[in-house]
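Here the sequence shown stands for residues 1 to 132, where the numbers follow full-length UniProt numbering. The beta-carbon is built from N, C-alpha and C at its ideal position, and this holds for glycine as well. In this text the structure is predicted, and so the values were computed from the model without any measurement.
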Amino acid sequence: MVSVEQKNIDEDLDYMFTPSRWVVRMKQDEVVEDFVTSVSKAREELLLSPTVEKELDIVYFTEGDTKCCVDIYKPNKAATDAPVVLFIHGGYWQECSKIHGAFPARSLIKNGIITVAVGYTIAPEGKKVKKY
């Protein structure tokens with residue numbers, strides 16, 4: 001059982017670390033909606049772009065029914081020594097996904113940079129992975 005004291009600490013931390021709460025130019029629920037719309041648009045643009053090579057849902061970890069994947073976005077004819085950005089989405093291990101990597105990938109690709117967007121299992125399904 002969680003103590004009242006621990007519950008208060010958890011609620012305080014949740015309040016402090018809710019990013020949309022800190023935006024002053026729009027309401028909190030509008031921030032999330034704007035972000036989701038922007039990410040969806042960016043991903044659609046990348047998937048339809050003839051100038052972007054896409055490798056989607058490449059499995060890097062499997063345990064039971066759980067598969068963790070990456071998406072790779074790269075400029076057509078990327079240099080063999082092109083820089084790579086590894087994008088690990090935010091969401092406090094509770095929300096978001098690798099599709100959010102499409103948002104920064106648009107600008108990175110325009111500059112010859114390959115983007116690898118990492119997906120991982122989020123809470124509550126996610127669990128601590130064994131060290132090998």
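DSSP, reduced to helix, strand and coil, places Ile88 within a strand of the structure shown.
With respect to Leu46, Ala102 sits close: the two C-beta atoms are nearer than 8 Å. Shown here, Val24 sits in coil according to DSSP, grouped into three states, outside any helix or strand. In this structure the stretch 66–82 lies against the stretch 110–125, because at least three pairs of beta carbons, one per stretch, are closer than 8 Å.
Apart from the 5 residues on each side of it in sequence, Leu86 sits with its Cβ closer than 6 Å to the Cβ of Val116 in its chain, given in chain order. Here DSSP, grouped into helix, strand and coil, assigns Thr121 to coil. With a contact defined as Cβ atoms closer than 8 Å, Val118 and Ile72 miss out at about 10 Å. In the structure shown, the three-state DSSP call for Lys77 is coil.
As a beta-bridge residue in DSSP terms, Glu53 pairs with Lys74.
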